[in-house]
Each structure stands twice: as C-alpha cells, then as structure tokens.
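Trainee: Line by line, the protein sequences give chains X and D.
Residue numbers for the first sequence follow the working numbering, beginning at -18 and rising by one.
Residue numbers for the second sequence follow the working numbering, beginning at 13 and rising by one.
No residue lacks a Cβ here, since even glycine has one placed at the ideal position from N, Cα and C.
The structure is given below, and queries will be raised subsequently.
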Amino acid sequence: MIHTHGSSILETRNLNIYYGQKKVVRNVSLRIPKRTVTALIGPSGCGKSTLLRTFNRMNDFIDSFHYEGEVLFEGSDIYRSRTDVTEFRRRVGMVFQKPNPFTCSIAKNISWGPRINGYQGDLDELVERCLRKAALWDEVKDKLNDSGLALSGGQQQRLCIARAIAMDPEVILMDEPCSALDPQSTLAIEDLIHELRENYTILIVTHNMQQAARVSEHTAFMYNGDLIEYDQTSKIFSQPTEKLTRDYIVGRFG
Amino acid sequence: MTRLELDTTIGPPRRLTTSEEGTIMDTQEIRSSFAIHANRRRIKEWILTKAILGATLVALGVLLYLVGSVLWDGLPYLRSEFFVNFPSRFPDKAGFKSAIYGSMWLGALTLVFAVLLGVSAAVYLQELAGKGRIQSWIELSIATLAGVPSIIYGMLGLGIFVRFFGMGRSVIAGALTLSLLVMPVIIIAAREALKSVPDSIRMGAFALGASRWQTVRDHVLPAATPGIATGVILAMARAMGEAAPLIMLGALTYVAFVPESIFDSFTAMPIQIYNWASRPQAKFHDLAAAGIIVLLGFLVICNSAAIILRSKWGAKKP
Ligand SMILES: Nc1ncnc2c1ncn2[C@@H]1O[C@H](COP(=O)(O)OP(=O)(O)OP(=O)(O)O)[C@@H](O)[C@H]1O
Ligand SMILES: [Mg+2]
Chain X
-18 MIHTHGSSIL
-8 ETRNLNIYYG
2 QKKVVRNVSL
12 RIPKRTVTAL
22 IGPSGCGKST
32 LLRTFNRMND
42 FIDSFHYEGE
52 VLFEGSDIYR
62 SRTDVTEFRR
72 RVGMVFQKPN
82 PFTCSIAKNI
92 SWGPRINGYQ
102 GDLDELVERC
112 LRKAALWDEV
122 KDKLNDSGLA
132 LSGGQQQRLC
142 IARAIAMDPE
152 VILMDEPCSA
162 LDPQSTLAIE
172 DLIHELRENY
182 TILIVTHNMQ
192 QAARVSEHTA
202 FMYNGDLIEY
212 DQTSKIFSQP
222 TEKLTRDYIV
232 GRFG
Chain D
13 MTRLELDTTI
23 GPPRRLTTSE
33 EGTIMDTQEI
43 RSSFAIHANR
53 RRIKEWILTK
63 AILGATLVAL
73 GVLLYLVGSV
83 LWDGLPYLRS
93 EFFVNFPSRF
103 PDKAGFKSAI
113 YGSMWLGALT
123 LVFAVLLGVS
133 AAVYLQELAG
143 KGRIQSWIEL
153 SIATLAGVPS
163 IIYGMLGLGI
173 FVRFFGMGRS
183 VIAGALTLSL
193 LVMPVIIIAA
203 REALKSVPDS
213 IRMGAFALGA
223 SRWQTVRDHV
233 LPAATPGIAT
243 GVILAMARAM
253 GEAAPLIMLG
263 ALTYVAFVPE
273 SIFDSFTAMP
283 IQIYNWASRP
293 QAKFHDLAAA
303 GIIVLLGFLV
313 ICNSAAIILR
323 SKWGAKKP
C-alpha cells in the first residue's frame, strides 16, 4: 500500500477516459503523494500518456476526449474548479517525449513562461538558476543567446526540463522524457530527477523497467486501460501481487 | 525435379518437398511477368518524359519569344525620360511616371490593408476559432472568393468604396479593392504557413500556462512568418499586375500628375500599358512594351524574393 499521510497532491477517483466511443482508461483511482517520484509503466497503448495528460488538462486539445470521474489537484477538482486552466497548468508542468524547445534563444526558452505570467524578479538570474538545476548551465553558459534548436537532443530535453522548472511548478509530468535520448543523456536526466524529487512531485511515464526501478519510489502498472497494480517500486519489482505485473516486468509481453 | 531454395528463416538451405514446388513455379512466373511489366513501364516512362520535356520546351519557347519581342520593342524607350515624364499625346515625350507612382501608392496601401486583414483572418481561423459551422462556412467562402474573376472585385469596389463610401476614383478606393482581391490568397497562404508549424511548439507553450493568443503571438507567428511573407509577396505581385478591376473602378488612363494623398485619382502601370497598347500608332505600342519591361522587372523581383525566402526557410527548418 502507498501511505500518503493524507497529503496526496494528485488524485483520480473512478476515472474513465474516452476518445469518442473508445474507452482508454477504465475506472482508475490513484493517489500521488507529495514530493515523490511515481513511475507509470505498461505496454504501449495502455493509456499512460492519456492518464498523464489529464493531470494538466492537455487532453483538452483533443476534440474527441471526454471523461467521467474526478481528477483532484490539492484536493480540488481540476476540471470543475473555477480556477483558470492556464493558472493551473503553471502549477503542473510537463516535459514531452520529444524535446520541443521553442525556436528562440536558450535564455528566452526559459524566461518566456515566467515573463508572460508576470514574473517580477530578475530574469537573467532565473535563467541561470533553472539551467543550473537542470544540470545544463556549464554546457550552455557561453551561448545563452544561441537558438535552443542548436543543442543536442539530450541538451534540448534538459532545456525543456529547465523551462518547466522556471514556472516553479508543484508537479512535473514527464512522458517518456528519455526515449529519444542516448544512454549518456538518459543518465544525466535520471540524475536530475533524483535532484528534483526534493522539491517537486514527479510523475514519469517510461518503457524502461530499469529506469522506473532507478528513479521512482512508487510504480503504477497499467494494462489495457486498467490500473492493475500500484505500490512501492521495490515491491512491484520484487514481489508483485498480480500475475500480469510479474509477466510484464520480466518482459513476457509489452 | 527438386530445387534448393533459401529459406527466409535462418538455417541451411533445405530440399523442398514436392508439394512446395508448385508454389515456387508460380513465384517464378510472377517474377517473369514482373520483368515484362517493368520493361513496358520503362518505355512508357521514356515516352512520357520526352513528351513533358517537349511541352515544356514549347512553352518556354513561346515565353522567350514574347519576352524577346517586348525587349526588342521596348528597350529603346527605356531612357531616363521614360521614368520622369508624364504620359503625352506625343509618343516621343510620353513617360511612365504617373503610372509608376500610382502603382507604388497602390502597392504600399494594398500591402498594409491586405496583410493586416489577411493575416488576422488567417490567425483567427487557424489558431483561435473553434471548428463550428460558421467557421467551415467562412472557409468555403474564402476558397470560393479566391477563384472569383478580378473584374467582379472591380464591380464590388465600384459599388462599395467609390459610390457607397463616396471615396471616388481615389487611390484608397483602388487599394481597398485590390486588398479584397488578394486577401483570399493571403489568407490561404498564411493558413498553410501556420498549419506547418509543428503542434509540439503549441503544446510546449500551453503546458507553461500560456493562453492561445500568447502562444500564437510569441511562437507560432514568428515561426510562420517566412511562409506568410512568401504568400504576401506572391499576392502583391498579382495585385500589381491587375488592370481589369482598376479600370472597372474608373481609374484614369491619362494622368499628368502624381497622387499626393490617398484621395487623389491615379493611374497604374497595367492601366497605362493597356492604354498605350490600344492606340493605333505603332510608337505607342513600343511604349507599352517599355512599360511591360518595368512591370515585368518588378514581378521578377517579387518572385525572386519569394523563392529566396522559401528556400532559406526550408533550409532552416529542423
Ligand atoms: N488523440 C487520440 N485520439 C484517439 N485515440 C487516441 C488518441 N491518443 C491516444 N489514443 C488511443 O488511446 C489509447 C491509449 O493511448 P496512450 O497514448 O495513452 O497510450 P500509451 O500507454 O501512452 O502508449 P505508448 O506507450 O505507446 O505511448 C490507445 O489505444 C490510442 O490508440
Ligand atoms: Mg505514450
């Protein structure tokens, strides 16, 4: 069991998600404790990205999307609360599978979010702080005005993480952040996740079992839209309760 | 008869059983029929390539002849007087000045109106509006408008700007009419440019809590600008070459002054060319050729700019 000490930051209750007629997430109830790293694993097409995207309402951009149930952030329903959705996305950041830096300079990539949201502080200082946190500062400190696209894939992804951190979110959602990266960059990002866990709640989708085992405290295993098992990562990987989980982890399918 | 056949799975070649031999024969038949087919296809391709090449050469030849004869007739008239004189009854004194100035006024104003309205409309339709019934109706109208003959725009301009708004046969009425004429083209080109901006950029911005407008303003529009500019330049080239709607509006063909405000009457390069070409004296025809050279020069510059923009943009895309 996951002990949330009553302070889960994200929670779904009996969540069903549909794309048109197709039900892709079935009756998922999940509580994500604050300041933890939770891995979301499962075979391709089981609904991991879909579930992840509901947490910052990025599914809103898919026309056929609709849902039933509740999604709570800090106890209030994100789809029904009167808070503006943009306000809410500031607090739940996202890093995408494919690095997607903006076409502008490295510094602007980071400062843009805070600037449009009325950040009052020193933007240069913010850029440096976020790049340092994302373990990218030393590599780019001499070319802050170069295009973000001129970086390597791994550097671009760390830039995207820095961009997310710049908003000072409470949660960072990561959808297979390392799937487009080489082992070296993957390690750099995993180290980064280790650093970030102290201040942020991280939810990471991954196809890499070792990665899930390395970076997360909790792991949720999904299969065909169902949440099969959700527990301490050590428990999931050593003695899973469900046969499906065991089969998946030892690589029998997926 | 038995054959050895490489199995696709890993392992040593194996003897086929008799039952499998039939399928092999079939495969071979199919292969030889492939060969015949490939031959025929090669011949067809050869004929088609030559035919297309021929057609291209014919078109190019006609074009070269036209340009050549225009240059032959017009070049002797391209002296400095041609650019500083107003039109005249005497071909030796007649110049293109009022037409060039008129076209510049028209071009500048049309550029402002068409870009402002056209790009705003494109951004609205592509980025901000939902996908309702009204939107699809607007889309259909724009696609239709792009195909409406230009003289119809002339009638529209005459009815609305010249008469209803009482602008008279002024530069502004002409520019507004031309703006309407090229707006559908600009809207369509701008929407294509916006469409080609990858969605991942938008998603990245939305995930930072940006509004649609902030996202479009700071990321999507800048990324689409080269494409939009290409469309705008091509549309402007078209606007500058139009005579029919302006004649319909009642633009003057003999203007011995340069417009000094947007409410002055005007002439334009294609109108002056049309006027000269329809006179009986041969010398005026040569003047028309000289005018055509100037107009052509402008169009060539526009199109080159568009090509350069497009190729630079293509190279820069990730
Ligand atoms: N925009 C969409 N419209 C319709 N159906 C979709 C859409 N996106 C995903 N789906 C469907 O929803 C199901 C879950 O997709 P999802 O992307 O969440 O899977 P996933 O677990 O992230 O898979 P992967 O590991 O391959 O990324 C799939 O069956 C997919 O076909
Ligand atoms: Mg996915």
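Distance, Cα to Cα, X/Cys27 vs D/Ile42?
Mentor: Reading the first sequence from its first residue, position 46 is the one you call residue 27 of chain X. Reading the second sequence from its first residue, position 30 is the one you call residue 42 of chain D. In a straight line, the C-alpha of X/Cys27 is about 42 Å away from that of D/Ile42.
Trainee: With distances taken from CA atoms, which of X/Asn189, X/Glu106, X/Gly99 and X/Val73 is nearest X/Ala88?
Mentor: Taking the first sequence and counting its residues from 1, one reaches residue 88 of chain X at position 107. That would be X/Glu106, whose Cα lies nearest to the Cα of X/Ala88.
Trainee: With respect to 8 Å, is the separation between the Cβ of X/Val5 and the closest non-hydrogen atom of ligand 2 below this value?
Mentor: Position 24 of the first sequence, counted from the first residue, corresponds to residue 5 of chain X. No, since every heavy atom of ligand 2 falls outside the 8 Å radius drawn around the Cβ of X/Val5.
Trainee: Using alpha carbons as the reference points, say which of D/Ser277, D/Ala268 and D/Val124 lies closest to D/Ile245.
Mentor: Sequence index remark: in the second sequence, residue 245 of chain D carries index 233 (1-based). It is D/Val124 whose Cα lies nearest to the Cα of D/Ile245.
Trainee: Closest Cβ-Cβ distance between D/Lys143 and chain X: below 9 Å?
Mentor: Against the second sequence, residue 143 of chain D aligns to sequence position 131. Taking Cβ atoms only, chain X reaches closer than 9 Å to D/Lys143, which makes this a yes.
Trainee: Please return the same chain residues whose Cβ sits closer than 7 Å to the Cβ of X/Glu223, not counting the five positions on each side in sequence.
Mentor: Along the first sequence, one-based indexing puts residue 223 of chain X at 242. So the qualifying residues of the chain are Ile209 and Glu210.
Trainee: Going by DSSP in three states, X/Arg12 sits in which element: helix, strand or coil?
Mentor: Stepping through the first sequence from its first residue, residue 12 of chain X is reached at position 31. X/Arg12 falls in the strand class under three-state DSSP.
Trainee: Rounded to whole angstroms, what's the CA-CA distance from D/Ile48 to D/Leu75? Just pull it up for me.
Mentor: Position 36 of the second sequence, counting from 1, holds the residue named residue 48 of chain D. Position 63 of the second sequence, counting from 1, holds the residue named residue 75 of chain D. Cα-Cα distance, rounded: 41 Å.
Trainee: Go ahead and pull the three-state DSSP assignment for D/Val312.
Mentor: Taking the second sequence and counting its residues from 1, one reaches residue 312 of chain D at position 300. DSSP places D/Val312 in helix when its eight states are reduced to three.
Trainee: Along the beta strand (DSSP E) that carries X/Phe202, what are the first and last residues, could you check?
Mentor: As a first step, residue 202 of chain X must be located in the first sequence, where it is residue number 221. Segment His199 to Tyr204, the beta strand (DSSP E) holding X/Phe202.
Trainee: Please compile the residues from chain D whose C-beta is within a distance smaller than 7 Å of the C-beta of X/Met75.
Mentor: By 1-based counting over the first sequence, the position of residue 75 of chain X is 94. The contacting residues are Ala219.
Trainee: Here's the rule: buried if 16 or more other CB atoms are within 10 angstroms of the residue's CB, otherwise exposed. What is D/Glu139?
Mentor: The residue labelled residue 139 of chain D in the question sits at position 127 within the second sequence. Burial call: buried.
Trainee: Looking at D/Leu190: is its Cβ nearer than 9 Å to the Cβ of D/Ala251?
Mentor: Reading the second sequence from its first residue, position 178 is the one you call residue 190 of chain D. Reading the second sequence from its first residue, position 239 is the one you call residue 251 of chain D. In contact: D/Leu190 and D/Ala251 (Cβ atoms closer than 9 Å).
Trainee: Which residues in the same chain have their Cβ closer than 7 Å to the Cβ of D/Ser115, if we skip the five residues on either side of it in sequence?
Mentor: Looking up residue 115 of chain D in the second sequence gives position 103. Closer than 7 Å at Cβ, skipping near neighbours: Met252, Ala280 and Met281.
Trainee: Touch check for the region 293 to 302 of chain D and the region 69 to 89 of chain D: three-plus C-beta pairs under 8 Å?
Mentor: Yes, they touch.
Trainee: Using a Cβ-Cβ cut-off of 6 Å (strictly less than) and excluding sequence neighbours within five positions of X/Ile(-2), which residues of its own chain qualify?
Mentor: Residue numbering aside, residue -2 of chain X sits at position 17 when the first sequence is read from its first letter. Val5, Val6, Thr31 and Tyr48, listed in sequence order.
Trainee: What first and last residue would you give for the alpha helix (DSSP H) that runs through X/Asn90?
Mentor: Counting from 1 along the first sequence, the entry for residue 90 of chain X is found at position 109. Segment Ile87 to Ile97, the alpha helix (DSSP H) holding X/Asn90.
Trainee: Is X/Asp44 close to chain D? Criterion is C-beta to C-beta, closer than 9 Å.
Mentor: Position 63 of the first sequence holds residue 44 of chain X. Answer yes: the Cβ-Cβ gap between X/Asp44 and chain D drops below 9 Å somewhere.
Trainee: Is there a C-beta anywhere in chain C that falls below 9 Å from the one on D/Gly186?
Mentor: The structure shown contains no chain C; the protein chains it does contain are X and D.
Trainee: Listed from N- to C-terminal order along the chain, which residues in the region 59 to 93 of chain X have their beta-carbon within a distance smaller than 7 Å of any beta-carbon of chain D?
Mentor: Hits within the stretch, in order: Thr67, Glu68, Arg70, Arg71, Gly74, Met75, Phe77, Lys79, Asn81, Phe83, Thr84 and Trp93.
Trainee: So is X/Leu(-9) in contact with chain D if we call contact Cβ pairs under 9 Å?
Mentor: Looking up residue -9 of chain X in the first sequence gives position 10. Closer than 9 Å: no.
Trainee: Report buried or exposed for D/Ala155, applying the criterion of at least 16 other Cβ atoms within 10 angstroms of its Cβ.
Mentor: Residue 155 of chain D sits at position 143 when you count from the first residue of the second sequence. By the neighbour-count rule (16 or more Cβ atoms within 10 Å), D/Ala155 is not buried but exposed.
Trainee: Taking just the CA atoms, how far does D/Tyr136 sit from D/Phe177?
Mentor: Here residue 177 of chain D corresponds to residue number 165 of the second sequence, with the count starting at 1. Here residue 136 of chain D corresponds to residue number 124 of the second sequence, with the count starting at 1. Distance between the alpha carbons of D/Phe177 and D/Tyr136 is about 27 Å.
Trainee: Counting C-beta neighbours from all protein chains within 10 Å, is the total for X/Val152 16 or more, i.e. buried, or is it exposed?
Mentor: Within the first sequence, numbered from 1, the residue matching residue 152 of chain X stands at position 171. Under this definition X/Val152 is a buried residue.
Trainee: For X/Ile185, I'd like the list of residues in its chain whose CB is within less than 6 Å of its CB, leaving aside the five on either flank, ordered along the chain.
Mentor: If you number the first sequence from 1, residue 185 of chain X lands on position 204. Excluding positions up to five away in sequence, the list reads Ala20 and Met155.
Trainee: Answer yes or no: do X/Thr17 and X/Ile183 have a C-beta to C-beta separation smaller than 9 Å?
Mentor: Along the first sequence, one-based indexing puts residue 17 of chain X at 36. Along the first sequence, one-based indexing puts residue 183 of chain X at 202. Contact: yes.
Trainee: Looking at the secondary structure, which residues open and close the beta strand (DSSP E) in which X/Arg(-6) lies?
Mentor: Mapped onto the first sequence, residue -6 of chain X falls at position 13. Its beta strand (DSSP E) spans residues Ser(-11) to Tyr0.
Trainee: Would you say D/Ala202 lies against chain X (beta-carbon separation less than 9 Å)?
Mentor: Counted from its first residue, the second sequence places residue 202 of chain D at position 190. Chain X contact via Cβ: absent.
Trainee: Please confirm whether X/Ile170 has its beta-carbon closer than 9 Å to some beta-carbon of chain D.
Mentor: Taking the first sequence and counting its residues from 1, the one referred to as residue 170 of chain X is at position 189. No - not a single Cβ of chain D is within 9 Å of the one on X/Ile170.
Trainee: Which of helix, strand or coil does DSSP assign to X/Val6?
Mentor: Taking the first sequence and counting its residues from 1, the one referred to as residue 6 of chain X is at position 25. Residue state, collapsed to three classes: strand.
Trainee: Using DSSP with H/G/I as helix, E/B as strand and the rest coil, what is D/Ile48?
Mentor: Numbered from its first residue, the second sequence carries residue 48 of chain D at position 36. If DSSP states are grouped into helix, strand and coil, D/Ile48 belongs with the helices.
Trainee: Can you tell me whether D/Ser182 is helix, strand or coil according to DSSP?
Mentor: As a working note, residue 182 of chain D is residue 170 in the second sequence. If DSSP states are grouped into helix, strand and coil, D/Ser182 belongs with the strands.
Trainee: Establish whether the CB of X/Arg(-6) and some CB of chain D are separated by less than 9 Å.
Mentor: Taking the first sequence and counting its residues from 1, the one referred to as residue -6 of chain X is at position 13. So no, X/Arg(-6) is outside the interface.
Trainee: Which residue comes first and which comes last in the beta strand (DSSP E) that contains X/Ala161?
Mentor: Locating residue 161 of chain X in the first sequence gives position 180, where the first residue counts as 1. Counting along the chain, X/Ala161 falls outside any beta strand (DSSP E), and DSSP gives it neither H nor E.
Trainee: Could you check whether the region 8 to 16 of chain X touches the region 158 to 174 of chain X, counting it as contact only if at least three pairs of C-beta atoms, one from each stretch, sit closer than 8 Å?
Mentor: The answer is no - the region 158 to 174 of chain X does not touch the region 8 to 16 of chain X, with fewer than three Cβ pairs under 8 Å.
Trainee: Below 8 Å on C-beta distance, what does D/Ala236 contact in chain X?
Mentor: Taking the second sequence and counting its residues from 1, the one referred to as residue 236 of chain D is at position 224. Simply none; closest approach about 11 Å.
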